[in-house]
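Enquirer:
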Amino acid sequence: MSGESRSLRVLRRLLAAIPLATGIVLVTFVLLRLLPGDPVDIMMGQAGNVSEVEIETLRRQLGLHRPIWAQAAHFIEGMVRGDLGRSIRTARPVTALIGEALPATLELAAAALLFAVAVAVPVGVLSAVRHRSALDHLAMGTAFVGISMPAFWLGLVLILLFGVALGWLPTSGRIDPSLSVPTVTGFMLVDTLLARDVAAFRSALEHLVLPAVTLGAELAAVLSRVVRSSMLDVLRADYVRVARAKGVNEWRVVSRHALRNALIPAVTVLGLQVGILLGGNMIVETVFSWPGLGRLVVGAIFARDYPVVQGAVLLYALTFLAANLLVDVLYTVINPRMAMS
Numbered sequence: 001m002s003g004e005s006r007s008l009r010v011l012r013r014l015l016a017a018i019p020l021a022t023g024i025v026l027v028t029f030v031l032l033r034l035l036p037g038d039p040v041d042i043m044m045g046q047a048g049n050v051s052e053v054e055i056e057t058l059r060r061q062l063g064l065h066r067p068i069w070a071q072a073a074h075f076i077e078g079m080v081r082g083d084l085g086r087s088i089r090t091a092r093p094v095t096a097l098i099g100e101a102l103p104a105t106l107e108l109a110a111a112a113l114l115f116a117v118a119v120a121v122p123v124g125v126l127s128a129v130r131h132r133s134a135l136d137h138l139a140m141g142t143a144f145v146g147i148s149m150p151a152f153w154l155g156l157v158l159i160l161l162f163g164v165a166l167g168w169l170p171t172s173g174r175i176d177p178s179l180s181v182p183t184v185t186g187f188m189l190v191d192t193l194l195a196r197d198v199a200a201f202r203s204a205l206e207h208l209v210l211p212a213v214t215l216g217a218e219l220a221a222v223l224s225r226v227v228r229s230s231m232l233d234v235l236r237a238d239y240v241r242v243a244r245a246k247g248v249n250e251w252r253v254v255s256r257h258a259l260r261n262a263l264i265p266a267v268t269v270l271g272l273q274v275g276i277l278l279g280g281n282m283i284v285e286t287v288f289s290w291p292g293l294g295r296l297v298v299g300a301i302f303a304r305d306y307p308v309v310q311g312a313v314l315l316y317a318l319t320f321l322a323a324n325l326l327v328d329v330l331y332t333v334i335n336p337r338m339a340m341s
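With UniProt numbering applied, the sequence shown covers 1 to 341.
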């Protein structure tokens with residue numbers, strides 16, 4: 001596929017994502033308002049005794065007195081202008097709240113993805129090469145256990161084992177509270193490196209280990225099974241047999257001829273899981289008190305902070321669409337004979 005053709009297809013997919021993301025936001029908008037509970041009642045309940053007049057005044061200030069279609073139209077109009085509104089709880093712009101929380105979530109998701117790939121690809125390849133051996137059965141049995149474990153349960157087990165019993169790793173936050181690092185990018189590892197603070201970098205890395213393993217464990221389990229299955233198919237292909245018949249070294253057959261094609265299904269799984277890593281990290285961030293987007297959304301849901309939830313859902317939808325687009329592009333990079341759909 002030529003570079004120009006690929007660019008046009010990417011542009012077409014980006015334009016097609018606009019109505020899709022808008023539809024997702026509108027569905028979320030309606031569903032949020034169908035939830036029981038009123039944000040004004042929740043806020044006033046925290047403030048103590050208030051009159052009906054004060055409640056009605058606040059409801060009008062927040063625009064909640066208007067019909068739902070008028071609120072939706074106002075939100076879409078603001079979204080087009082890049083304005084996602086203000087938080088009902090804090091009165092701060094939603095974009096600012098998301099911008100502050102997003103680096104922590106991206107850092108955690110990147111670490112989880114790195115952990116999953118680093119574990120799954122070697123395990124999947126070795127299982128396929130040693131098919132039906134004790135190593136294969138052990139690896140696939142471990143993967144099955146990994147898929148079966150809920151993230152919140154695994155997180156609690158890791159906290160109890162490595163945080164409480166052994167005391168090796170911290171169990172909450174992004175860095176030791178006694179350490180202070182200037183915020184430059186919002187990515188703690190990067191900021192500690194920019195500050196040339198070795199102790200802070202080590203602390204940030206230690207705080208990242210347990211939540212990243214918890215978040216990436218299920219992906220590693222799924223990915224290892226996909227890589228193994230794909231490798232088994234490729235290793236039985238005619239061109240691999242021909243390569244072996246020509247006396248090509250087995251390691252070269254696996255690494256140069258088989259692995260490249262076996263990674264295509266794995267890339268598909270990765271593309272889908274990237275969106276899930278970002279959108280499904282609410283439990284992990286809550287368990288480890290990780291100050292990211294997932295924890296922000298959980299608090300916003302309980303407070304019926306509609307603008308924050310809507311802004312986060314929009315971001316999740318765009319991320320999911322972008323990840324799928326990236327997967328299609330990667331297909332054509334790994335195997336140029338494939339066309340981007």
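Ideal Cβ placement from N, Cα and C applies to all residues, glycine included.
Any idea what DSSP makes of R202, helix, strand or coil?
Expert: The residue given as residue 202 occupies position 202 in the sequence shown. The answer is helix: DSSP assigns R202 an H, G or I state.
Enquirer: Since G271 and A199 are thought to touch, with beta carbons under 8 Å apart, how far apart are those beta carbons, to the nearest angstrom?
Expert: Indexing the sequence shown from 1 puts residue 271 at position 271. Indexing the sequence shown from 1 puts residue 199 at position 199. Not quite, the Cβ-Cβ distance comes to about 37 Å (not below 8 Å), so this is no contact.
Enquirer: Can you give me the Cβ contacts of H207 inside the same chain, cut-off strictly under 7 Å, excluding the 5 residues immediately before and after it?
Expert: Indexing the sequence shown from 1 puts residue 207 at position 207. Within the same chain, H207 has close Cβ partners P170, G173, R174 and I175.
Enquirer: If you count every other CB in all the chains shown that lies within 10 Å of the CB of D41, and 16 or more means buried, which is it?
Expert: Sequence index remark: in the sequence shown, residue 41 carries index 41 (1-based). Classification of D41: exposed, given that the 10 Å Cβ count is below 16.
Enquirer: Taking only runs that begin and end inside the segment 129 to 197, name each unbroken alpha helix (DSSP H) of 4 or more residues, in chain order.
Expert: Fully enclosed alpha helix (DSSP H) runs of 4 or longer: 134 to 148, 151 to 158 and 188 to 194.
Enquirer: Leaving out the 5 sequence neighbours to the left and right, which residues in its chain are closer than 7 Å to G85 when beta-carbon positions are compared?
Expert: The sequence position of residue 85 within the sequence shown is 85, counting from 1. Here the set comprises F75, G78, V94 and P307.
Enquirer: From A96 to A312, what does the alpha carbon distance come to, in whole angstroms?
Expert: Locating residue 96 in the sequence shown gives position 96, counting from the first residue. Locating residue 312 in the sequence shown gives position 312, counting from the first residue. Taking the straight line joining both Cα atoms gives about 12 Å.
Enquirer: Could you pull out every residue in the same chain whose Cβ sits closer than 8 Å to the Cβ of V25, ignoring the five residues on either side in sequence?
Expert: Position 25 of the sequence shown holds residue 25. Closer than 8 Å at the Cβ level, and outside the excluded window around V25, lie F75, I76, M79, Q310, V313, L314 and A317.
Enquirer: Taking only the alpha-carbon atoms, compute the straight-line gap between residue 342 and T28 and give it to the nearest angstrom.
Expert: For the chain, the structure presents residues 1 to 341; residue 342 sits outside this window and is missing.
Enquirer: Write down every uninterrupted run of the alpha helix (DSSP H) in the segment 292 to 322 whose length is 4 residues or greater and which is fully enclosed by it, in chain order.
Expert: Counting only runs of 4 or more, we get 293 to 302.
Enquirer: Under 7 Å Cβ to Cβ from T142, same chain only, skipping five residues before and after it: list those, please.
Expert: Position 142 of the sequence shown, counted from the first residue, corresponds to residue 142. Cβ within range, chain order: n/a, list empty.
Enquirer: Report yes or no: do three or more beta-carbon pairs, one from the segment 276 to 295 and one from the segment 102 to 117, lie closer than 8 Å?
Expert: Yes: at least three Cβ pairs fall under 8 Å.
Enquirer: If you draw a straight line from the C-alpha of G82 to the C-alpha of S7, how long is it?
Expert: As a working mapping, residue 82 is identified with position 82 in the sequence shown. As a working mapping, residue 7 is identified with position 7 in the sequence shown. If I take the Cα positions, the gap works out to 25 Å.
Enquirer: Taking the alpha-carbon positions, what's the A17 to R9 distance?
Expert: Residue mapping note: residue 17 aligns to position 17 of the sequence shown, counting from 1. Residue mapping note: residue 9 aligns to position 9 of the sequence shown, counting from 1. One C-alpha to the other measures close to 12 Å.
Enquirer: If I measure Cβ to Cβ from L232 and keep anything under 6 Å in the same chain, skipping five residues before and after, which residues do I get?
Expert: Here residue 232 refers to the residue found at position 232 of the sequence shown. Only A128 meet the Cβ criterion.
Enquirer: Alpha carbon to alpha carbon, how far is L20 from R55? Give it in angstroms, no decimals.
Expert: Here residue 55 refers to the residue found at position 55 of the sequence shown. Here residue 20 refers to the residue found at position 20 of the sequence shown. The sequence as given places Ile at residue 55; Arg does not occur at that position. When rounded, the distance between both Cα atoms is 36 Å.
Enquirer: Contact between the segment 209 to 228 and the segment 152 to 171: three or more CB pairs below 8 Å?
Expert: They touch, by the three-pair rule.
Enquirer: Report the rounded CA-to-CA distance for G146 versus V125, giving the unit in angstroms.
Expert: On the sequence shown, residue 146 is found 146 positions in, with the first residue counted as 1. On the sequence shown, residue 125 is found 125 positions in, with the first residue counted as 1. Each residue's alpha carbon lies about 18 Å from the other.
Enquirer: Restricting to Cα atoms, I'd like to know which of Y239, V269 and T268 is closest to H257.
Expert: Here the question's residue 257 lines up with position 257 in the sequence shown. That would be Y239, whose Cα lies nearest to the Cα of H257.
Enquirer: Under 6 Å Cβ to Cβ from L194, same chain only, skipping five residues before and after it: list those, please.
Expert: Mapped onto the sequence shown, residue 194 falls at position 194. So the qualifying residues of the chain are V184.
Enquirer: Assuming V123 and S255 form a contact by the criterion Cβ under 8 Å, report the distance between their Cβ atoms to the nearest whole angstrom.
Expert: Counting from one through the sequence shown, the residue named residue 123 turns up at place 123. Counting from one through the sequence shown, the residue named residue 255 turns up at place 255. Between S255 and V123 the Cβ distance is about 15 Å, and since that is not below 8 Å, they are no contact.
Enquirer: Give me the DSSP bridge partner(s) of R86.
Expert: Reading the sequence shown from its first residue, position 86 is the one you call residue 86. In DSSP, R86 forms a bridge with P93.
Enquirer: Which residue's Cα is closest to the Cα of F144: L259, D191, V157 and A217?
Expert: As a working note, residue 144 is residue 144 in the sequence shown. Among L259, D191, V157 and A217, the Cα nearest to that of F144 belongs to A217.
Enquirer: Where S51 and R59 are concerned, what is the direct C-alpha to C-alpha distance, given to the nearest angstrom?
Expert: Within the sequence shown, numbered from 1, the residue matching residue 51 stands at position 51. Within the sequence shown, numbered from 1, the residue matching residue 59 stands at position 59. Rounded to whole angstroms, S51 to R59 spans 13 Å at the Cα level.
Enquirer: Taking 9 Å as the cut-off, decide whether the C-beta atoms of A104 and Q273 are in contact.
Expert: Position 104 of the sequence shown, counting from 1, holds the residue named residue 104. Position 273 of the sequence shown, counting from 1, holds the residue named residue 273. Taking 9 Å as the Cβ cut-off, A104 and Q273 do not qualify as a contacting pair.
Enquirer: Take the Cβ of T192 as the centre, count every other Cβ of all protein chains shown within 10 Å, and call the residue buried at 16 or more, exposed below.
Expert: To locate residue 192, count along the sequence shown from 1; it is residue 192. The residue in question, T192, is buried, as its Cβ has 16 or more Cβ neighbours within 10 Å.
Enquirer: Compute the distance between the beta-carbons of L227 and L263, then report whether it is under 9 Å.
Expert: Position 227 of the sequence shown holds residue 227. Position 263 of the sequence shown holds residue 263. Here the sequence assigns Val to residue 227, which means Leu is not the residue at that position. Yes; because the gap between Cβ atoms is below 9 Å, this pair is in contact.
Enquirer: Would V329 and V269 qualify as a contact pair, given that the criterion is a beta-carbon distance under 9 Å?
Expert: As a first step, residue 329 must be located in the sequence shown, where it is residue number 329. As a first step, residue 269 must be located in the sequence shown, where it is residue number 269. Result no, Cβ atoms of V329 and V269 do not sit closer than 9 Å.
Enquirer: Can the beta-carbon of T214 be found closer than 9 Å to that of G292?
Expert: The residue you call residue 214 lines up with position 214 of the sequence shown. The residue you call residue 292 lines up with position 292 of the sequence shown. Contact flag unset, no.
Enquirer: According to DSSP, simplified to helix, strand and coil, what is G216?
Expert: Numbered from its first residue, the sequence shown carries residue 216 at position 216. Reduced to three states, the DSSP call for G216 is helix.
Enquirer: So which of L325, F187 and L219 has the shortest CA-CA distance to L205?
Expert: Within the sequence shown, residue 205 is the residue found at index 205, counting from 1. The shortest Cα separation from L205 among L325, F187 and L219 belongs to F187.
Enquirer: Suppose you measure from the CA of V181 to the CA of R202; what does that come to, to the nearest Å?
Expert: Taking the sequence shown and counting its residues from 1, the one referred to as residue 181 is at position 181. Taking the sequence shown and counting its residues from 1, the one referred to as residue 202 is at position 202. In a straight line, the C-alpha of V181 is about 13 Å away from that of R202.
Enquirer: For the alpha helix (DSSP H) holding R256, just list the boundary residues, first then last.
Expert: Counted from its first residue, the sequence shown places residue 256 at position 256. Here R256 belongs to no alpha helix (DSSP H), and DSSP marks it neither H nor E.
Enquirer: Report the three-state DSSP secondary structure of L35 (helix, strand or coil).
Expert: Sequence index remark: in the sequence shown, residue 35 carries index 35 (1-based). The answer is coil: DSSP assigns L35 none of H, G, I, E or B.
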